[in-house]
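To start, the structure under review is shown below, and the notes come after it.
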Amino acid sequence: MTLFPPRALKKEKTWFAYWKGQKTRRSTGKRTLKEAIEAATAMVHERLTACDWPCPSDEEFVEVQRRHFSKKRDQGGKGASLTSVLQAVDAFKRVSGLTPICRATPDDCERFQTEALKLLRNWRSQHPKSKPETRTIRAATVKKWLVSLHGAFERVNDNAGRKCVRGVVPPERLLTSNPWQRFTWIEPPKKKIEQFQGDDLIKLLHHFRKAWPGVTAAESMLKLYVWSWARREQISGLRWTDLRVVEDEYHFDTVGKRGKEWWFRIPKSVYEELLTFKTESPYVFAKLMDQIREFHANEGRNSAAKMVRAFSVYNAGRWFYDQVKKWDSEAYVHMFRKTSLQYARAGQDAAQSLAKDARVTEGVMMTHYVKEEDLQFRAASNAMYQRLCLSMTPEVARAFGHEHSATAILEQRLRDAIGSRNWSLASEVAKKLAKQGRQAG
Numbered sequence: 035m036t037l038f039p040p041r042a043l044k045k046e047k048t049w050f051a052y053w054k055g056q057k058t059r060r061s062t063g064k065r066t067l068k069e070a071i072e073a074a075t076a077m078v079h080e081r082l083t084a085c086d087w088p089c090p091s092d093e094e095f096v097e098v099q100r101r102h103f104s105k106k107r108d109q110g111g112k113g114a115s116l117t118s119v120l121q122a123v124d125a126f127k128r129v130s131g132l133t134p135i136c137r138a139t140p141d142d143c144e145r146f147q148t149e150a151l152k153l154l155r156n157w158r159s160q161h162p163k164s165k166p167e168t169r170t171i172r173a174a175t176v177k178k179w180l181v182s183l184h185g186a187f188e189r190v191n192d193n194a195g196r197k198c199v200r201g202v203v204p205p206e207r208l209l210t211s212n213p214w215q216r217f218t219w220i221e222p223p224k225k226k227i228e229q230f231q232g233d234d235l236i237k238l239l240h241h242f243r244k245a246w247p248g249v250t251a252a253e254s255m256l257k258l259y260v261w262s263w264a265r266r267e268q269i270s271g272l273r274w275t276d277l278r279v280v281e282d283e284y285h286f287d288t289v290g291k292r293g294k295e296w297w298f299r300i301p302k303s304v305y306e307e308l309l310t311f312k313t314e315s316p317y318v319f320a321k322l323m324d325q326i327r328e329f330h331a332n333e334g335r336n337s338a339a340k341m342v343r344a345f346s347v348y349n350a351g352r353w354f355y356d357q358v359k360k361w362d363s364e365a366y367v368h369m370f371r372k373t374s375l376q377y378a379r380a381g382q383d384a385a386q387s388l389a390k391d392a393r394v395t396e397g398v399m400m401t402h403y404v405k406e407e408d409l410q411f412r413a414a415s416n417a418m419y420q421r422l423c424l425s426m427t428p429e430v431a432r433a434f435g436h437e438h439s440a441t442a443i444l445e446q447r448l449r450d451a452i453g454s455r456n457w458s459l460a461s462e463v464a465k466k467l468a469k470q471g472r473q474a475g
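Using the numbering used here, the letters of the sequence shown correspond one by one to residues 35 to 475.
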């Protein structure tokens, strides 16, 4: 290592150091020779330590993540998962300043967690004319980043077993431990389960009829959200080829996250509504954007009509999401799924009863012992449909296309009693049904 004193002609004020491997001299930041020697020694030691710590480069790290998600069977959801991981990696890199990020220590990870909670919500991109943002990132978002980063580092951890992705990084440069396992994570506050009440569903239905007259596809989309317990793009992306008509029943076949397939049943009146705006497109709601465009044109808003985008699964789902948010800023589309599943919660699922009797968990039974085909999908769809119908008030059920029968509630109670082997209750309910049958006859 060679030290150079300050040069007066260059107006330098500190000593400079050079050692083999450097492209040019580096300032020690010190004005005296003794301080410069100590600073330069520390710089060399730091440099050697960094160079002797083999680890994946940032480019290799990202490629490992892409390679991992390319193997996923659920091709529909892998894009969103990969994007979520890459966003977490970008946040860690920008907040920590580490390059490469695989050199992170548990202290760096803990520091990132603390600093991330101070970031403003628009920290990634701040428009010069945007309103000042005062809200910081939620703890739940930071926790999501921690989960993603933990998984990402496991994929370059030689001791992670099958979780490690091989063939991208040489074995000698893989990590031997995961720093995200060696400190205490934050625990975000538990979020209240938010659901629509029966009155809310009716009000929202009336809102679409009043605010968007003629846009019948929006009203039908709302009804399918309630009957399906499906996610946003599952509904906006429904195709006519997904329709399953069995006798006088109308089901749709859909695939959710992680490739999970199920059917959901809709009332006949809702099916007939769908037929009124059917087009040559394979998508059920292809007419939605056309109806929105026609609505604006009829209202004399030609510029707004021209700005309506062509139909796509994302555009249709996003438009519906925006309208729900405008109706109530605290509401969101995923609440329909929570509401439908809460309605269905009233009865015990047959699969749970069967799994209990067979002394296996429901997940193991459905994964390893029972094969669900169309008959099973139909039975499950009908069971969920009946539970939704019976859990709704007559007003809500009628508004969404279903009419309660006089004995429907008693019939469901009888099925539940038999499913739970409550024979005394089953006998009592059966007597009531027989009495109503005699009175009706």
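A virtual CB, placed ideally from N, CA and C, is assigned to each residue, including glycine.
Per-residue DSSP class, three states only, for residue 460
Three-state DSSP puts residue 460 in a helix.
Spatial distance of residue 349 from residue 266 (CA atoms)
Straight across, the Cα-Cα distance linking residue 349 with residue 266 is about 11 angstroms.
One question on the structure: do residue 347 and residue 290 come within less than 8 angstroms of each other, judged by their Cβ atoms?
No.
Near residue 188, what residues of its chain come up, given a Cβ to Cβ distance below 8 angstroms and the 5 sequence neighbours on each side ignored?
Closer than 8 angstroms at Cβ, skipping near neighbours: 194, 197, 198 and 212.
Using CA coordinates, which residue listed in 217, 369, 105 and 96 is at the minimum distance from residue 118?
With distances taken between CA atoms, residue 118 lies nearest to 96 out of 217, 369, 105 and 96.
Could you tell me the alpha carbon to alpha carbon distance between residue 134 and residue 220, rounded to whole angstroms?
Between residue 134 and residue 220, the C-alpha separation is close to 25 angstroms.
Alpha carbon to alpha carbon, how far is residue 437 from residue 427?
Computed Cα separation, rounded: 10 angstroms.
Boundaries of the alpha helix (DSSP H) in which residue 238 is found, first to last residue:
Looking at the DSSP string, the run of the alpha helix (DSSP H) that includes residue 238 is 232 to 245.
Tell me the start and end of each unbroken beta strand (DSSP E) in the segment 286 to 335 that is at least 3 residues and wholly inside, in chain order.
Within the segment 286 to 335, the complete beta strand (DSSP E) runs of at least 3 residues are 295 to 300.
If you drop the 5 nearest sequence neighbours on each side, which residues of the same chain put their C-beta closer than 8 angstroms to that of residue 192?
Excluding residues within five positions, the ones whose Cβ falls inside 8 angstroms are 198, 205, 208, 209 and 210.
Indicate the three-state DSSP secondary structure (helix, strand or coil) for residue 277 in the structure shown.
Residue state, collapsed to three classes: strand.
Expressed to the nearest angstrom, what Euclidean distance is found between the alpha-carbon atoms of residue 156 and residue 222?
C-alpha separation (whole angstroms): 20 angstroms.
Does DSSP put residue 130 in a helix, in a strand, or in coil?
In the three-state reduction of the DSSP assignment, residue 130 falls in the helix class.
When you compare only the Cα positions, how much space is there between residue 277 and residue 103?
The alpha-carbon atoms of residue 277 and residue 103 are separated by roughly 30 angstroms.
Could you tell me the boundaries of the alpha helix (DSSP H) in which residue 37 lies?
Premise fails: residue 37 lies in the beta strand (DSSP E), 36 to 38, not in any alpha helix (DSSP H).
At a cut of 8 angstroms, does the segment 160 to 179 reach the segment 244 to 260 through at least three beta carbon pairs?
No, the segment 160 to 179 is not in contact with the segment 244 to 260.
Buried or exposed by the 16-neighbour rule on C-beta atoms within 10 Å, applied to residue 4
Residue 4 falls outside the range modelled here, since the chain spans only 35 to 475, and no answer is possible.
Distance check for residue 325 and residue 373, CA to CA, integer angstroms please.
Looking at the two C-alpha atoms, the distance is approximately 28 angstroms.
For the pair the segment 332 to 342 and the segment 446 to 455, tell me if three or more CB-CB distances fall below 8 angstroms.
Touching, no.
Contacting residues, own chain, Cβ-Cβ under 6 angstroms from residue 312 (five flanking each side not counted):
Hits under 6 angstroms: none found.
Report the rounded CA-to-CA distance for residue 340 versus residue 431, giving the unit in angstroms.
Distance between the alpha carbons of residue 340 and residue 431: 37 angstroms.
Contact belief for residue 337 with residue 298 at Cβ below 8 angstroms, rounded distance in angstroms:
Separation of the CB atoms of residue 337 and residue 298 is rounded to 39 angstroms, and the pair is thereby denied contact status at 8 angstroms.
With distance defined between alpha-carbon atoms, name the residue in 259, 63 and 241 nearest to residue 37.
Measuring from the Cα of residue 37, the nearest candidate turns out to be 63.
Contact check, residue 257 vs residue 434, beta carbons under 8 angstroms
Judged by beta-carbon spacing, residue 434 lies within the 8 angstroms limit of residue 257, meaning their Cβ atoms are closer than that value.
Contact check, residue 259 vs residue 370, beta carbons under 8 angstroms
In this structure, the beta-carbon distance from residue 259 to residue 370 falls below 8 angstroms.
Going by beta carbon distance, what residues of the same chain come within less than 8 angstroms of residue 243, once the five residues before and after it are set aside?
Answer for residue 243: 253, listed in chain order.
The alpha helix (DSSP H) that contains residue 173, what's its start and end?
Residue 173 -> alpha helix (DSSP H) spans 173 to 188.
State the start and end residues of the unbroken beta strand (DSSP E) segment that holds residue 348.
Not the beta strand (DSSP E): residue 348 falls in the alpha helix (DSSP H), residues 347 to 361.
Answer with buried or exposed for residue 301, where buried requires no fewer than 16 other C-beta atoms within 10 angstroms of its C-beta.
Residue environment for residue 301: buried (at least 16 other C-beta atoms within 10 angstroms of its C-beta).
In the DSSP output, what is residue 283 paired with across the bridge?
Beta-bridge analysis with DSSP links residue 283 to 280.
May I ask you to report which of helix, strand or coil DSSP gives residue 366?
Here residue 366 carries a coil assignment [DSSP, helix/strand/coil].
Residues of its chain near residue 152, where Cβ-Cβ distance is below 7 angstroms and the 5 sequence neighbours each way are ignored
Counting only Cβ-Cβ distances below 7 angstroms, and skipping sequence neighbours, we find 170.
Which residue comes first and which comes last in the beta strand (DSSP E) that contains residue 51?
Start and end: 50 to 52.
Taking only three categories from DSSP, how would you classify residue 272?
Collapsing the DSSP output to three states places residue 272 in coil.
CB of residue 274 within 8 angstroms of CB of residue 316, strictly:
If you check the CB distance, residue 274 and residue 316 come in under 8 angstroms.
Just the C-alpha distance for residue 375 and residue 175, rounded to the nearest angstrom, thanks.
Straight across, the Cα-Cα distance linking residue 375 with residue 175 is about 25 angstroms.
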